[in-house]
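Each residue of the first sequence is one higher than the last, beginning at 763 in my numbering. Using N, Cα and C, we set each Cβ at its ideal position, and we do this for glycine too.
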Amino acid sequence: MNLDDQKNLLSKYSFEEKQAQSKREEKILPPLPDIEKYGKVVTRFAPNPDCVLHLGSARAIILSHDYARMYSGKFILRFEDTDPRLKKASLPFYDSIKEDLKWLKCEWDEEYIQSDRLPIYYEYAKKLIEVEGAYVCTCKSEVFKRLLMEKSPCPCRSLSIKENLERFDMMLDGTFSEGQAVLRIKTDLNHPNPAVRDWPALRIVDTRKHPHPRVGSKYRVWPLYNFSAGLDDHLMGVTHIIRGKEHFTNMVRQKYMYSYLGWDYPTAIHYGRLKIEGGVLSKSKIMQGIAKGLYSGFDDPRLATFKALRKRGILPETIRQIIYEVNIKPVDATISWSTLYSLNKKILDPLAPRYFVVFNPIILAIKGFDTERQIVLRKHPNIESMGYRRFRLVPENGILKVYISRNDLELIRKFDVFRLMGLVNLTEFDLKFSYAEAKVHSFDIETAKKLNAPLIHWVPVMECIKVQMVTSDGCLIEGFGELGLADEPVDSIVQLEREGFARIDSKQDNIVKLYFSTK
RNA sequence: GCUCCGGUGGUGUAGUCCGGUCAAGCAUGUCGGCCUUUCGAGCCGUAGAUCCCGGGUUCAAAUCCCGGCCGGAGCACCA
């Protein structure tokens, strides 16, 4: 082996070694605790259908679903629509939540709607009264609150089982009206956290005034979160609850109920909030903003809803990677758009065909373009099988007209020669009042390279299509794109050369509408 | 105020349970270079962290203990 051979071998070896090292490690979920305790893992996602889903729910959804799949378990979707008054559900959201889950590739195995289950909750309410774990309290809430802070019981707490049962029936039959009675779960009145002391389980809602979107005014006694969710988690066999840390004390409260019923509390995992720089992630801000006309809709690009992310060409795989990366820590995480985009681009780049689109267009008249030319460009620089883009360029009286972007004017003026990508090298650039002129210098790329000419994208005036694009701040910009763009199906993501990635949102009236994704 | 939970480069995260191999890894972002008929992708390199602070235990602490500071969550007849 001579020296050259050795060098070769060495460089080859170290190259491969480096490649192997730099290969991105596929993030995997850490093991779920307590799996040995349960025969089969059961998780659930339990949204209130009072708004569309946003990035803040992504942790709960993806972790719950993926852990269920990882352990060949079961993933349940449960709609928690038990507040007909303040956080009232609305019919369209049941469907939109399901759409978002499907888009995220989180198919559920079972589906429940709590507003269908009121009789079950009533049954357990009675059971809890019978084991003296619950009582019907008719105290004014200020009075009760004061007693609570003093760690002293309210008069209703010592009522007999029989009296409580009667009172509960009076809640159900309408003798008590809204605000007059509430079923409470007995806890330790000395519990250091006043928030857990004798928490309310069921209350009365005047559903003639506040009809429920699904069951109207059929029921007047409605469960509160801890009661219905707590019961359902056991009843549905949930083994692992994955939810936000705001629910931490809810677990403490629910455990009292579980002990009366002789149940074991599932393994609960609490994660912190997931935010994104500048992204609007509050249900009330989303709802109010749309009502006020501040946002164009649930898919407004400034919102961090799944609908908006999807519209911008963010892939569900990207969101999943982010979730895997931030994991299940109880700390809040603010992820940056650049991280999101970078992950997205890595997935997108080998998939997205390339096209020319010129925004802020100006006509460029090319002089000295004497003969008709056909040019063929690849849709993807490295993936030939993706196909080709063909242009037929027919000059008129030795002049060819193309659109270029005003944004490139400054760049062009810095050089004597510039090149229209794939087409021609130009010189003697001259900006007239409403158009620009330039003269053919040469055609081959080698000359352009030699002269260090900047590369400009372009669109032929004779063969082009109108393009509108919604930018990330919600503005609409217009321009012209090459004809082939119109052949790409709606929803596909393309790369506009030198501009960035964009998703085709619609095609109508000879206009292609795009949503900008990422540079 | 009370009750919990946390604090690792700009951001996110690994390591913390079972102290040494961590003068701290990875990703993203920054800056520079290479490559490329894209300002994309890829490749190479660079800079950036007294591991919140103080004390203690120890031969040895990002890791254990105590105190402090800062941040978050909860304290609804909401979910």
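On a CA-only basis, which of the options is nearest residue i? Give me that one, please.
| i | options | result |
| --- | --- | --- |
| leucine 927 | Tyr884, Ser1204 and Val958 | Tyr884 |
| aspartate 1206 | Ala1200, Ala1198, Leu1276 and Ala1215 | Ala1215 |
| isoleucine 1048 | Phe1118, Lys1212, Ala1066 and Tyr1033 | Ala1066 |
| proline 795 | Val1138, Pro1028 and Tyr1057 | Pro1028 |
| glycine 895 | Asp1094, Leu1023, Ile1090 and Ile1273 | Leu1023 |
| glycine 936 | Glu1008, Val967 and Pro917 | Val967 |
| glycine 1243 | Ala808, Lys913, Arg1072 and Ala1264 | Ala1264 |
| alanine 1030 | Ser1196, Pro854, Glu1079 and Gly1006 | Gly1006 |
| arginine 1135 | Val1156, Thr969 and Val804 | Val1156 |
| methionine 832 | Val804, Lys913 and Val1221 | Val804 |
| glutamine 1230 | Phe1180, Gln1270, Gln942 and Thr1133 | Gln1270 |
| asparagine 1159 | Phe1177, Ile1128 and Tyr1165 | Ile1128 |
| valine 1232 | Val944, Lys1045, Ala1070 and Leu934 | Ala1070 |
| proline 1078 | Ile1109, Ile1052 and Trp984 | Ile1109 |
| aspartate 1192 | Ser834, Leu909 and Phe1177 | Phe1177 |
| proline 1092 | Ala1053, Glu1008 and Arg1116 | Glu1008 |
| proline 809 | Val1014, Arg965, Ile1004 and Glu1146 | Ile1004 |
State the Cα-Cα distance for the pair residue i and residue j, rounded to the nearest angstrom.
| i | j | result |
| --- | --- | --- |
| arginine 946 | serine 1104 | 51 Å |
| lysine 889 | glutamine 876 | 19 Å |
| lysine 971 | histidine 996 | 32 Å |
| leucine 951 | tyrosine 1018 | 12 Å |
| methionine 998 | asparagine 1272 | 52 Å |
| leucine 791 | glycine 1040 | 28 Å |
| serine 920 | valine 898 | 10 Å |
| tyrosine 856 | leucine 1173 | 52 Å |
| lysine 850 | glycine 818 | 19 Å |
| lysine 1194 | isoleucine 1125 | 10 Å |
| isoleucine 923 | phenylalanine 906 | 20 Å |
| glutamate 1259 | tyrosine 981 | 59 Å |
| alanine 991 | glutamine 1016 | 9 Å |
| lysine 867 | arginine 959 | 40 Å |
| threonine 1133 | threonine 1209 | 20 Å |
| cysteine 901 | glutamate 912 | 15 Å |
| threonine 1101 | tyrosine 1277 | 19 Å |
| glycine 1262 | proline 975 | 43 Å |
| aspartate 1170 | arginine 1151 | 23 Å |
| aspartate 1249 | isoleucine 1227 | 11 Å |
| asparagine 1144 | glutamine 1257 | 14 Å |
| valine 1186 | histidine 1142 | 20 Å |
| glycine 1055 | lysine 1275 | 21 Å |
| leucine 1311 | glutamine 942 | Beyond the ends of the chain as shown, which are 763 and 1281, falls residue 1311; an answer cannot be given. |
| lysine 948 | tryptophan 961 | 7 Å |
Determine, using beta carbons only, whether residue i and residue j come nearer to each other than 8 Å.
| i | j | result |
| --- | --- | --- |
| alanine 963 | phenylalanine 989 | yes |
| leucine 1113 | isoleucine 1239 | no |
| phenylalanine 1131 | valine 1223 | no |
| arginine 821 | isoleucine 1085 | yes |
| arginine 1035 | aspartate 1094 | yes |
| leucine 1213 | valine 1119 | no |
| tryptophan 865 | arginine 1072 | yes |
| valine 893 | serine 858 | no |
| isoleucine 824 | glutamate 872 | no |
| leucine 1043 | histidine 816 | yes |
| asparagine 955 | threonine 1011 | yes |
| phenylalanine 1153 | isoleucine 1137 | yes |
From what residue to what residue does the alpha helix (DSSP H) around residue i run?
| i | result |
| --- | --- |
| leucine 921 | No alpha helix (DSSP H) contains leucine 921, which DSSP labels as neither H nor E. |
| tyrosine 897 | Element bounds for tyrosine 897: not the alpha helix (DSSP H) but the beta strand (DSSP E), 896-899. |
| phenylalanine 989 | 987-997 |
| glutamine 1083 | 1078-1088 |
| leucine 1071 | 1068-1073 |
| phenylalanine 906 | 903-911 |
| valine 1014 | 1010-1023 |
| threonine 1209 | 1207-1212 |
| lysine 836 | Taken as a continuous stretch (DSSP letters only), lysine 836 belongs to no alpha helix (DSSP H), being part of the beta strand (DSSP E) at 836-841. |
| arginine 1175 | 1171-1175 |
In the DSSP assignment, find the beta strand (DSSP E) that holds residue i and state where it starts and stops.
| i | result |
| --- | --- |
| serine 1046 | No beta strand (DSSP E) contains serine 1046, which is instead part of the alpha helix (DSSP H) from 1045-1053. |
| phenylalanine 1121 | 1119-1121 |
| serine 1167 | 1161-1167 |
| serine 1204 | 1197-1204 |
| glutamate 1190 | 1186-1193 |
| alanine 963 | 962-966 |
| isoleucine 859 | Note, isoleucine 859: premise wrong, no beta strand (DSSP E); alpha helix (DSSP H) at 853-865. |
| glutamate 1225 | Taken as a continuous stretch (DSSP letters only), glutamate 1225 belongs to no beta strand (DSSP E), as it is neither H nor E. |
Per DSSP, which one or two residues make a beta bridge with residue i?
| i | result |
| --- | --- |
| phenylalanine 1263 | Gln1257 and Thr1280 |
| alanine 1095 | Leu1036 |
| alanine 1030 | Ile1003 |
| tryptophan 870 | Answer is none; tryptophan 870 lacks a bridge partner. |
Please determine whether the Cβ atom of residue i lies at a distance below 7 Å from any heavy atom of the ligand MN.
| i | result |
| --- | --- |
| methionine 1183 | No copy of the ligand MN appears in this structure; indeed no ligand is present at all. |
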